[in-house]
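Below: one structure, written as structure tokens.
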Amino acid sequence: MAQVYGRILCNRPLVSEFSRQPCVYYKSEISWEYDEVECYRKYLNSEGDVTYSERISEGEYQNALRLGSRAKSYPGRMTAKKSGLGYSAPSSFQKRVDPGYSDSFPQKSNPGYFGAASFPQKPGSGYPGSDAFQKKPGYPDYPQKLGSPAYPEKLPFSEAGSPQKYYNNVYSDPSTGREYLLERETRTRDETLHSVVRQIPFFIEDETGRVRVDPTGAEVEAMAVVDERVFPGKGPSRFNFDLKRYLSQVRTENRSTRSFIYKEWVIPVDAMAFAMGQVRFEAGDPVIRKPLSGGRFMIAPKSPEALLEEQRSNASSYLVLSIVLLGIGVFTVLYLLQSLQPYR
Numbered sequence: 006m007a008q009v010y011g012r013i014l015c016n017r018p019l020v021s022e023f024s025r026q027p028c029v030y031y032k033s034e035i036s037w038e039y040d041e042v043e044c045y046r047k048y049l050n051s052e053g054d055v056t057y058s059e060r061i062s063e064g065e066y067q068n069a070l071r072l073g074s075r076a077k078s079y080p081g082r083m084t085a086k087k088s089g090l091g092y093s094a095p096s097s098f099q100k101r102v103d104p105g106y107s108d109s110f111p112q113k114s115n116p117g118y119f120g121a122a123s124f125p126q127k128p129g130s131g132y133p134g135s136d137a138f139q140k141k142p143g144y145p146d147y148p149q150k151l152g153s154p155a156y157p158e159k160l161p162f163s164e165a166g167s168p169q170k171y172y173n174n175v176y177s178d179p180s181t182g183r184e185y186l187l188e189r190e191t192r193t194r195d196e197t198l199h200s201v202v203r204q205i206p207f208f209i210e211d212e213t214g215r216v217r218v219d220p221t222g223a224e225v226e227a228m229a230v231v232d233e234r235v236f237p238g239k240g241p242s243r244f245n246f247d248l249k250r251y252l253s254q255v256r257t258e259n260r261s262t263r264s265f266i267y268k269e270w271v272i273p274v275d276a277m278a279f280a281m282g283q284v285r286f287e288a289g290d291p292v293i294r295k296p297l298s299g300g301r302f303m304i305a306p307k308s309p310e311a312l313l314e315e316q317r318s319n320a321s322s323y324l325v326l327s328i329v330l331l332g333i334g335v336f337t338v339l340y341l342l343q344s345l346q347p348y349r
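Below is the structure:
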């Protein structure tokens, strides 16, 4: 593999499209940035859930609007049953007493046992078992039993589901009767309208002489010389490109232009450049070409020191990223191992 660093020479150079520079390589691109309106029809089921969505054209959207819509509410779906404390006949509930109270604890033989009433009471104290205690009308006898009129029976489950849905504009397909919603969404996208790459053979000259370079198949790191955004209605572009010709080749329905982006990369004549490839002799002259064995072939308007520094920087970034990922992996494994250990 041969390496050479020197000044670029060319008798009949190219002229780049945008910057109009004499060069031996250029790449030009025009991108179209636009907002696109997308229309969707979303079908509903009997519970008001969207079951299917399809993209429709602007014409279909307008036709559906002309059919008219109406507001409608949907009951929602009963999704599951959850354990709860629902009471039947809540109007009959007089006093809430735990039905298992009398069966959960051993009862004393003293009929006046009820909390503090289990202690000997003086006459006229008003506690159960005393001579002055009288049951108030409407209160049940203790203990109460599950299902008695005074203690309503608990329901083992209460149903829970999705809440009621309400839509202001629900449309209906007259042919099928299916109900649906209409939605319009605006998305920003970009599309390449024009892209061209041109290159020609050239010479690299240093203090020892010069060598011919054929850039076919090379990895090229060119210099960015144009990166400009042109907005519509802001005056003509300085690049003097007929964009209508390119726009006529793409779909423009429901799309509004945001901007046009011009980009260009070049390797100019008289710049210092570095080339690495395989040397072959043609008509007795050395030529650097792409290696037949599949080795690396690159051309860059940079010095070997700058390229080496870039490689070191990239290697350092990869090393730091690898260490961080390794640390995350080790921490995750240790955490999982710790979580699998039984609690003591």
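Residue numbers (my numbering): 6 to 349. In this text, a Cβ means the ideal position worked out from N, Cα and C, and glycines have one as well.
Worksheet item: What is the DSSP secondary structure of G11, counted as helix, strand or coil?
Response: Counting from 1 along the sequence shown, the entry for residue 11 is found at position 6. Three-state result, G11: strand.
Worksheet item: Who pairs with T197 in a beta bridge, going by DSSP?
Response: In the sequence shown, the residue the question calls residue 197 occupies position 192. Looking at the DSSP assignment, T197 forms a beta bridge with S36.
Fill in: Start and end residues, beta strand (DSSP E) containing A223
What you label residue 223 is simply residue 218 of the sequence shown in a count that begins at 1. Run containing A223: none; DSSP gives neither H nor E here.
Worksheet item: Going by the CB atoms, is the gap between E210 and L19 shorter than 7 Å?
Response: Walking along the sequence shown from the start, residue 19 turns up at place 14. Walking along the sequence shown from the start, residue 210 turns up at place 205. Taking 7 Å as the Cβ cut-off, L19 and E210 do not qualify as a contacting pair.
Fill in: Collapsed DSSP secondary structure at L248 in the structure displayed
Taking the sequence shown and counting its residues from 1, the one referred to as residue 248 is at position 243. Look at L248 here: in three-state DSSP terms it is helix.
Worksheet entry | Y172 vs K32 beta-carbon contact at 7 Å | Start at 1 with the first residue of the sequence shown, and residue 172 comes out as number 167. Start at 1 with the first residue of the sequence shown, and residue 32 comes out as number 27. No, the pair does not count as a contact, with Cβ atoms beyond the cut-off.
Practice prompt. Look up N68 in the DSSP assignment and say whether it is helix, strand or coil.
Written response: Here the question's residue 68 lines up with position 63 in the sequence shown. Collapsing the DSSP output to three states places N68 in a helix.
Worksheet item: Just reading off the beta strand (DSSP E) that Y23 is part of, what are its end residues?
Response: Reading the sequence shown from its first residue, position 18 is the one you call residue 23. First, the residue type needs correcting, since residue 23 is Phe and not Tyr in the sequence shown. Neither: F23 is in no beta strand (DSSP E) and is coded neither H nor E.
Discussion item. Assuming contact is defined by CB atoms lying nearer than 7 Å, are N259 and V42 in contact in what I supplied?
Written reply: The count along the sequence shown starts at 1 and reaches residue 259 at position 254. The count along the sequence shown starts at 1 and reaches residue 42 at position 37. N259 is a Cβ neighbour of V42, given a cutoff of 7 Å.
Worksheet entry | Element boundaries [beta strand (DSSP E), containing K295] | For this step, residue 295 is matched to residue 290 along the sequence shown. Here K295 belongs to no beta strand (DSSP E), and DSSP marks it neither H nor E.
Worksheet item: Quick one, are the C-beta atoms of S264 and F236 less than 7 Å apart?
Response: Working through the sequence shown from its first residue, we reach residue 264 at position 259. Working through the sequence shown from its first residue, we reach residue 236 at position 231. It is a contact, given that the beta carbons lie within the stated cut-off.
Worksheet item: Starting from G214 and walking both ways along the beta strand (DSSP E), at which residues does that stretch end?
Response: In the sequence shown, residue 214 corresponds to position 209, counting from 1. For G214, the enclosing beta strand (DSSP E) begins and ends at 214-218.
Worksheet item: Relative to the C-alpha of A5, which residue among Q26, F23, V274 is closest?
Response: Residue 5 cannot be examined here, being either before or after the span of the chain that is shown, 6 to 349.
Worksheet item: Just reading off the beta strand (DSSP E) that M228 is part of, what are its end residues?
Response: Position 223 of the sequence shown, counting from 1, holds the residue named residue 228. Where M228 is concerned, the enclosing beta strand (DSSP E) stretches over 228-235.
Worksheet item: Roughly how many whole angstroms lie between the Cα atoms of E314 and S308?
Response: Along the sequence shown, one-based indexing puts residue 314 at 309. Along the sequence shown, one-based indexing puts residue 308 at 303. Their backbone Cα atoms lie some 10 Å apart in a straight line.
Item to complete: Tell me whether the beta-carbon of V271 lies closer than 7 Å to the beta-carbon of Q26.
Response: As a working mapping, residue 271 is identified with position 266 in the sequence shown. As a working mapping, residue 26 is identified with position 21 in the sequence shown. Closer than 7 Å, so yes.
Worksheet item: Are three or more beta carbon pairs between the segment 41-58 and the segment 174-191 nearer than 8 Å?
Response: Yes, since at least three Cβ pairs between the segment 41-58 and the segment 174-191 fall closer than 8 Å, the two stretches touch.
Worksheet item: In whole angstroms, what is the alpha-carbon distance linking I266 and T193?
Response: On the sequence shown, position 261 is the one that residue 266 refers to. On the sequence shown, position 188 is the one that residue 193 refers to. Each residue's alpha carbon lies about 14 Å from the other.
Fill in: Counted within 10 angstroms of its Cβ, other Cβ atoms place S344 as buried (16 or more) or exposed
On the sequence shown, position 339 is the one that residue 344 refers to. Looking at its Cβ environment, which holds fewer than 16 other Cβ atoms inside 10 Å, S344 is exposed.
Item to complete: Identify the continuous beta strand (DSSP E) that holds E258 and give its terminal residues.
Response: To locate residue 258, count along the sequence shown from 1; it is residue 253. From DSSP, E258 is part of no beta strand (DSSP E); its letter is neither H nor E.
Worksheet item: Is F279 helix, strand or coil when you go by DSSP?
Response: Stepping through the sequence shown from its first residue, residue 279 is reached at position 274. Correct three-state label for F279: strand.
Practice prompt. Assign M6 to buried or exposed, taking buried as 16 or more other Cβ atoms, counted over all protein chains shown, within 10 Å of its Cβ.
Written response: The residue labelled residue 6 in the question sits at position 1 within the sequence shown. Counting Cβ neighbours within 10 Å, M6 comes out exposed, since fewer than 16 surround it.
Worksheet item: Okay, do the segment 219-235 and the segment 49-64 touch, 3+ Cβ pairs below 8 Å being the bar?
Response: Contact between the segment 219-235 and the segment 49-64 is absent: fewer than three C-beta pairs spanning the two stretches fall below 8 Å.
Practice prompt. Take the Cβ of G152 as the centre, count every other Cβ of all protein chains shown within 10 Å, and call the residue buried at 16 or more, exposed below.
Written response: The count along the sequence shown starts at 1 and reaches residue 152 at position 147. Low local confidence applies: a pLDDT of 49 at G152 is under 50, so the model's placement there is unreliable, with the coordinate-based value given in what follows. A residue is called buried once 16 or more other Cβ atoms fall within 10 Å of its Cβ, and G152, having fewer, is exposed.
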